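Heads up: the sequence shown is residues 33 to 204, going by the numbering used here. Encoded as structure tokens, the structure appears first; notes follow it.
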Amino acid sequence: EVLQNKLRDFLRVVDMDLGMSDSGNAYYAIHLKHTDNTKAHATQFFKETVNTIKPMLTWMNLFAEALNKDVYVQAGDTIEYAQLIEGIQFDQSLQQQLKTLIPNGGKKDLAESVKALISKLKTEGLIVEIDRYKLRYQFTGKLELMQQALEFIVENEQIYDESASDLQPGLL
Numbered sequence: 033e034v035l036q037n038k039l040r041d042f043l044r045v046v047d048m049d050l051g052m053s054d055s056g057n058a059y060y061a062i063h064l065k066h067t068d069n070t071k072a073h074a075t076q077f078f079k080e081t082v083n084t085i086k087p088m089l090t091w092m093n094l095f096a097e098a099l100n101k102d103v104y105v106q107a108g109d110t111i112e113y114a115q116l117i118e119g120i121q122f123d124q125s126l127q128q129q130l131k132t133l134i135p136n137g138g139k140k141d142l143a144e145s146v147k148a149l150i151s152k153l154k155t156e157g158l159i160v161e162i163d164r165y166k167l168r169y170q171f172t173g174k175l176e177l178m179q180q181a182l183e184f185i186v187e188n189e190q191i192y193d194e195s196a197s198d199l200q201p202g203l204l
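Dropping the structure here:
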């Protein structure tokens, strides 16, 4: 609480305050004065956030479909390399999605493409390796942060342009 008060004091110098998500898991700066400039700044930031998160959601959808799940994978869920291969190898649609998600995906075989996707997710901090020998991975809490960020944007900014029109609150 002392740190929150210090942060609030600092933010007030620049006409901002500290906000907190409903879950209490995240804090963010809010403008105290709503001008056209602050609105434009927030809108641009939200669009950039959506554009950054959108590919990650596509990856998560691929995982969900490959594992025959009805919902996106969640933080703490685990997956094995072999499960991914098995879920994708007989599904042409998933193979095509994988090729579009991976740079030079069309030039790689399925095993290489899945390895490249896993590598990308590790780099993004979305998964961590929990068993090197079984090639088993666990999804991190970054997924929850992405979901909360999108929920916040949808609730507070209502950005529904071409880049965010497929974001539906029920899927977050």
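Where is the CB? At the ideal position from N, CA and C, for every residue including glycine. Since the structure is predicted, the reported quantities are computational estimates derived from the model, not experimental observations.
Two segments are said to touch when three or more pairs of C-beta atoms, one from each, lie closer than 8 Å; by this definition the region 162 to 175 touches the region 111 to 122.
For A107, the three-state secondary structure derived from DSSP is coil. Within the region 42 to 71, the runs of beta strand (DSSP E) that reach at least 3 residues and sit entirely inside it are, in chain order, 48 to 52 and 59 to 63. Y169: member of the beta strand (DSSP E) spanning R168 to F171, first to last residue. Sequence-distant partners of E118 (beyond 5 residues in either direction) whose C-beta falls short of 7 Å from its own C-beta are missing from its chain. Cβ atoms of A98 and L126 come within 8 Å of each other, at about 6 Å. Per DSSP, the unbroken beta strand (DSSP E) holding I162 starts and ends at I159 to D163.
Membership of L175 in the alpha helix (DSSP H) is indicated by the continuous run K174 to N188. With contacts defined by Cβ atoms closer than 8 Å, D47 and L64 form a contacting pair.
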